[in-house]
Every structure is written in C-alpha cells, then in structure tokens.
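In this note's numbering, each residue's number is its place in the sequence shown (first place is 1) plus 190.
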Amino acid sequence: MLKPSAFAADLSFHHSSPSSANALDASEVLSRVFGYESFRGDQHAIVEHVINGGDALVLMPTGGGKSLCYQVPALVRPGTGIVISPLIALMQDQVDALTELGVRAAFLNSTQDWQDTKDVEQAFLNGELDLLYVAPERLLTERCTQLLERGKIALFAIDEAHCVSQWGHDFRPEYLGLSVLHERWPNVPRIALTATATDVTRREIASRLSLDDAQHFVASFDRPNIRYNIVEKQDVRKQLLQLLRQEHKGDAGIIYCLSRNKVDDTAEFLCAQGIEALPYHAGLGTQVRAHNQSRFLREDGIVMVATIAFGMGIDKPDVRFVAHIDMPKSIEGYYQETGRAGRDGLPATAWLAYGLQDVVQQRRMIDESAGDDAFRRRLGAQLDAMLAMCEAIACRRQRLLQYFGQRIAPCGNCDNCLQPPVAWDGTVAAQKMLSAIYRLMKERGQRYGAGHLIDILRGKSTPRVLENQHETLTVFGVGLDLTEQAWRSVLRQLLAHGLLVVDQEGYGTLALTEESRMVLKGERTLMLRREAERSAKSATPKSKAALPDLPSGAQQIFEALRQWRSEIARSHGVPAYVIFHDATLREIAMARPDSLEDLGHLNGVGVKKLESYGESILACIAECAER
C-alpha cells in the first residue's frame, strides 16, 4: 500500500526545523514538488504562518488551492501532517495524487483491513509519512489518539471545516469532538479550511474548534471563470438537453436534483438521449456509488446526476458545468456545488432552472422540518437569500458574493450582465394577485395554490372554478393582460419580496403577509423582473462559456497528450487529472518544449513528474511534429 519515494529523500530541506528560511523552503517545495513558481493570493502568508507554528482558519473558494496551505507546511515542518477529512471515498485518490508527486502519503479509515491499518500505523511511527489522512470518527478513537501521541506530528489540518457548524450546509456531528486536538496537542499548529462560510458560520467554526485566537484568512470568494446562468423552469428536460448538446457536448459535468427519484429518472432520460450519465444518491448501494464515482473521476465526458450526497471533496479539475434542475436550499450549498466546476481555472458554466413549484416545495419542507422555530427561521432566511439571487435584476455574482460579505463591480460573466433583463412596474399586477388571495380568504374563507389563482385572474372557467362559483369574484378575468408564465413569474417574485408566504397548514396554498398591505393600498411601488417569452428550444449562444481555442498544431499536440495521459492513468489505476491537469497539457501544447529543462519550467510539472514523464512527453511532441 505504501510506496516509498526516493524523491522525498532527495529533498535536503525536507522537514527542516522552522526558521527564518521557511519562506524559501516553502517556495522550493512549491516549485519542486508541485511544479508552481509562485503562491497565489493568501497562500504564501498562510503557509508561512502555519510553518512558524500558528493556528489558522482559512476560507478559500473551491479550486482556490486550499490543499497547498497545509501540504506545503507538512513537508517543511518536522513530523507528519495529520489531515482530518470526512471524504472517506476520496482518500485513496488523494493519496494517489500525492504519491505521483513523490510525497509519502497514506490514510486511515473504515475501508481498510487490519493488516493495511497496521502497516500505516507503523509507517507513521517510523517517521515514513509526510501526510496521513484520517476520518474524524477514526481520529476520535482511543487507539488513534494513542497512536498519534507516540509519533511526531507536524500539524493538524481540518478539511471541510464547515461540517462543524450546525448552521453550515453539511453539518457532521462527529466534527464536534475535534476540539480535543487543542487540548491534547496544544503546541501543534492547527489549520481549519472551508470553501464556504458566512460570518455566522465562521464564528461558530472558530468557537467549536477552539480557534478563537487563530489568525483568520478570508480569500475572495469570486470564481471569475464560472459563468452563472439562471433560467425559468419550463420543460426542464428539454432545457437541460439543450444545455448539454449545444454548450457542453462531450463535457464532464454534474447535475443536481432534490430527490432520488428525479436523479434516477434524469439519468435514465439522458442515457436514452445518447449522453453517458450515471446516478448517485444515498439510496444506491455502496458499491454502486463507489463504481459510479470512480467512473466519473477516471473517464472523460461522464455526466453525474446526483443529490447533494455527491460532490464534497471532488477534485476533478475539468468539470465544465454544474447544473441544478431544482432550486438549492441555500446560497452556501449552491456556491459549494457550483464551485465544483472549472477547478482548472478554465471557463465553466453554473446553470440553474427553477420555477414557482420549487419555491412552494422548499417552503413546505421548511415548515415540516424537525427543529424549533429559530431553526426554521434560519432555514427560511437561507431560502429567501437564494430566491432573491434567482430573481435578481442586477449582476448575479454581486448578489452571490454579497452573501459572504464581499462586494464587487458587475462581473460581465453572468446572464444578467450579458443579457440584462427588463424591469417593469408590476405594482398593478401584484395588487390583482394579492387582492384575489385576500378576497378568497375574506369572502369565502378559502386558500388556494398558484394554479387556481392564475385560472381565476385569467378568467378560465375550469370545473374547479365553476364548482366553487369563483367566476362571481370581482377579480375573475382581471389578469388577461398577462400570460400564465408571466403570472407564475409574478408569484415567484411576490414570494421573493416577502409579500406572500406558503401557508404553514400545508397543501401549497398561498397567504398574505403584513408587508403586502402597503402594496394593496398603493403605498409601495413594486419593480419586477420581466421573463422573456421563449420556448424551451430557444438558443442562447451568448451564454456559452467556451474554452479558448488552441492553434491547430497545438490542438493536435494537446489531443495526443490527452491520449498518452489516459494510457498512463489506466496503467497506474488513477484518474487522468492525477497525472496532469488539462490546463497543464494545454500549456505544454502551446509551449512545445523540446528539452527537459524547458518542460520543467511549466506550471504543474514538478521534479518527480519531470523524472517520471518528461521523456515520454517530449517524444509525444516530437511525434506530432513529424506528422
């Protein structure tokens, strides 16, 4: 299981004592091991702080380079870096990726037999590991804590730190016990890392992990390479198929659904359309989930259709799109999920289709959820923020980042920036809808859902309308000026503005709020977003987030390198991106190096990979030149 690395022994600075030379050591590790010439953003400050023994709480976007913030210090400081991670299913891939770099890495979790466990434990005690990944439930056992006390620990890295927060989007109760690290190893630096956290969540992470005195590093949450596109849900299958065929043909991507049934149905539908799609949800057997995840990571162009059970820790860099066909429950969850696209820094798409029924369903789920009123209010506030972003007229990215306390200028890379929506005075339309709800309640003691309310306003003599004599209402037929689609848009926005609520008694009926009184009285003007009247087949060529084109010669080299990489990855039993990212292969194809020295200067080509693959890459480039 453990692969010795001659490379690690070659590092003269390896596991040196912290000193004033740390910055140089860290930069050398970054260059020689990881193949990068310089740190990005706050990485250098974080790395230096941890190397010198400081605790840190790091908030950095998905794909922002969080792993380097603990991997580099672990290679510089004496001992083994202990990484606490909930991602049991991905630990093998994480270890394989580090092994390819010449780093001595292993893991301890419930998937191992006793012999593998014993081998890893002995390697740790012998000082033969640079990094050891441990599941939190394993770490908290007496056997594991006794093991750690007998070895030399460089640092503790708590990955996915938002899991400790009950207000985060992925709470894990086993994380609550990690405060023991500070108590039992007070002199070992700790670094907690997450890609998403509001101020409230960040304070809770610091409190629960005893990191109140730690230095906080909050990077920009912006992922400028991701294009955000939110559309009104009509025929969502056709809309999704259009996205995949017109904008992301052959691309790897993730499609999120709220229910297991919808996951299965959507995956089956896409397969019938000739798209390689796999399902993933908690209702599938462990082996099926593991097999599907492995195919997604190891094969090109696989589309994963999943619930939110899939994705945390997924490090596949060439995911070109993340699609939601149901509205997420919170902006934190949405940000985390969309952040799985474009981790290589190349253009990617975050696409969301949502409709009125999504809002009604989410409200109902909150009302029926376990927990006290404060808990439900918090869930409601999270949903309100998500809905407000969906209905925003201005820049999507501005609204998204504002949620995390960051302000930016309009991004120029979202649907609202590229095709600004039209705002219209919807006060009268709102009054008509609110009046219909008011009169039904006051005059008949009745409440109804969206469909029936729209039928009344549009003067449709349906059996239900006639049975209840709703054609006699003064509001019957007063809304013929708007289509059914437009009225559904009005209703969504009334919910987003807090002028309507989903009745807590259930059945998806709608009720007025106190705030609606001002609109009914004409004391408040309401500007609404006008939805374009379009079919599901309408083309949106401007929305494509296209990869930059390579010159024909470079494209030929790139494709040859991808084929070479696939063969190497299969022989090593690892995902292709573990060998090299697409971004690195594109850089190689453009540079066309003809010597190992030139190749070694490119991003992503460290010493170990240069030694392992350099000659093969040069041979591949030369072969392309001869064609």
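Glycine included, each C-beta is placed from N, C-alpha and C at the ideal position. Note that the coordinates shown come from a computational prediction; the quantities given were computed from them, not determined experimentally.
8 Å CB neighbourhood of residue i in its chain, flanking five on each side removed
i, result
"Leu468", "Ala457, Asn482, Arg485, Phe486, Ile492, Val493, Met494, Val495"
"Ile747", "Ile778, Ala779, Arg782, Cys810, Ile811, Cys814"
"Ser221", "Glu227, Gly796"
"Asp283", "Leu487, Asp505, Val764, Pro765, Val768"
"Lys688", "The sequence given here places Gly at residue 688; Lys does not occur at that position. These residues qualify, in order along the chain: Asp574, Thr703, Glu705."
Beta-carbon spacing of residue i, residue j below 8 Å
i, j, result
"Asp490", "Leu448", "no"
"Ser400", "Ser369", "yes"
"Tyr638", "Thr715", "no"
"Ala246", "Gln405", "yes"
"Leu434", "Ala773", "no"
"Leu718", "Gly616", "yes"
"Arg720", "Pro600", "no"
"Tyr418", "Arg586", "yes"
"Leu430", "Met250", "no"
"Val219", "Leu291", "no"
"Ala295", "Val310", "no"
"Val453", "Thr391", "no"
Nearest-angstrom Cα separation, counted from residue j out to residue i
i, j, result
"Val549", "Ala543", "12 Å"
"Ala513", "Leu330", "37 Å"
"Gln336", "Glu581", "54 Å"
"Ser728", "Leu751", "Unreliable positioning characterises Ser728 in this predicted model, as indicated by a pLDDT of 40, which lies under 50. The coordinate reading is nonetheless provided below. The alpha-carbon atoms of Ser728 and Leu751 are separated by roughly 37 Å."
"Thr539", "Lys428", "18 Å"
"Gly225", "Ala347", "22 Å"
"Lys342", "Gln312", "12 Å"
"Val509", "Gly440", "11 Å"
"Ala726", "Glu816", "Residue placement at Ala726 is poorly supported in this model, since its pLDDT is 39, which falls under 50; the coordinates are not used for a value here."
"Gln675", "Arg654", "20 Å"
"Asn793", "Asp412", "22 Å"
"Ala235", "Phe407", "9 Å"
"Thr528", "Val421", "15 Å"
"His216", "Val691", "For the sequence presented, residue 216 should be read as Ala rather than His. If you take the alpha carbons of Ala216 and Val691, they lie about 54 Å apart."
"Thr301", "Leu366", "23 Å"
"Ala307", "Ile381", "Ala is not the amino acid found at residue 307; the sequence shown has Thr there. Spanning the two alpha carbons is a distance of roughly 25 Å."
"Val273", "Gly602", "38 Å"
"Gly804", "Phe770", "12 Å"
"Val709", "Glu558", "29 Å"
Residue from the options with nearest C-alpha to residue i
i, options, result
"Leu315", "Lys452, Arg328, Gly269", "Gly269"
"Ala686", "Gln552, Cys585, Leu280, Ser217", "Gln552"
"Cys604", "Leu277, Met502, Ala584, Met576", "Ala584"
"Leu630", "Ala619, Ala264, His642", "His642"
"Leu474", "Leu460, Arg450, Glu466", "Arg450"
"Asp320", "Arg374, Val293, Leu591", "Val293"
"Gln547", "Lys423, Ala296, Gly794", "Lys423"
"Val671", "Gly367, Gln659, Leu663, Gly649", "According to the sequence as given, residue 671 is Asp; it is not Val. Among Gly367, Gln659, Leu663, Gly649, the Cα nearest to that of Asp671 is on Gly649."
"Val262", "Asn242, Ala279, Met708, Pro276", "Asn242"
"Gly635", "Trp614, Val618, Asn658", "Asn658"
"Leu277", "Ala264, Gly255, Tyr323, Tyr260", "Tyr323"
Cβ neighbours of residue i in the same chain (closer than 6 Å, five flanking residues each side left out)
i, result
"Ala472", "Ala499"
"Gly570", "Ile556"
"Trp541", "Asn419, Leu433, Ala513"
Cutoff 8 Å: residue i Cβ touching any chain B Cβ
i, result
"Ala809", "Included in the structure is just one protein chain, with no chain B present."
Under the three-state DSSP convention, the category residue i falls into
i, result
"Pro379", "coil"
"Gln489", "With the sequence shown as reference, residue 489 is identified as Glu, and Gln is not the correct amino acid for it. Residue state, collapsed to three classes: coil."
"Glu318", "coil"
"Cys334", "helix"
"Ile465", "coil"
"Arg707", "helix"
"Asp534", "coil"
"Phe748", "helix"
"Ile758", "helix"
"Met281", "helix"
"Asn482", "helix"
"Cys604", "strand"
"Ala701", "strand"
"Val618", "helix"
"Val768", "helix"
"Arg510", "strand"
"Tyr544", "strand"
"Pro731", "Model confidence at Pro731 stands at a pLDDT of 39, short of 50, so the residue's coordinates are unreliable; what they give is reported in the following sentence. Helix, per DSSP."
"Gln596", "coil"
"Ser435", "For the sequence presented, residue 435 should be read as Arg rather than Ser. Residue state, collapsed to three classes: helix."
Same chain only: Cβ atoms within 7 Å of residue i, ignoring 5 sequence neighbours per side
i, result
"Phe361", "Cys353, Ser355"
"Leu800", "Leu786, Leu789, Gly790"
"Arg530", "Thr252, Ile444, Gly501, Ile504, Val509, Val512"
"Ser651", "Glu661"
"Val665", "Lys622, Ser625, Ala626, Arg629, Ile646, Leu647"
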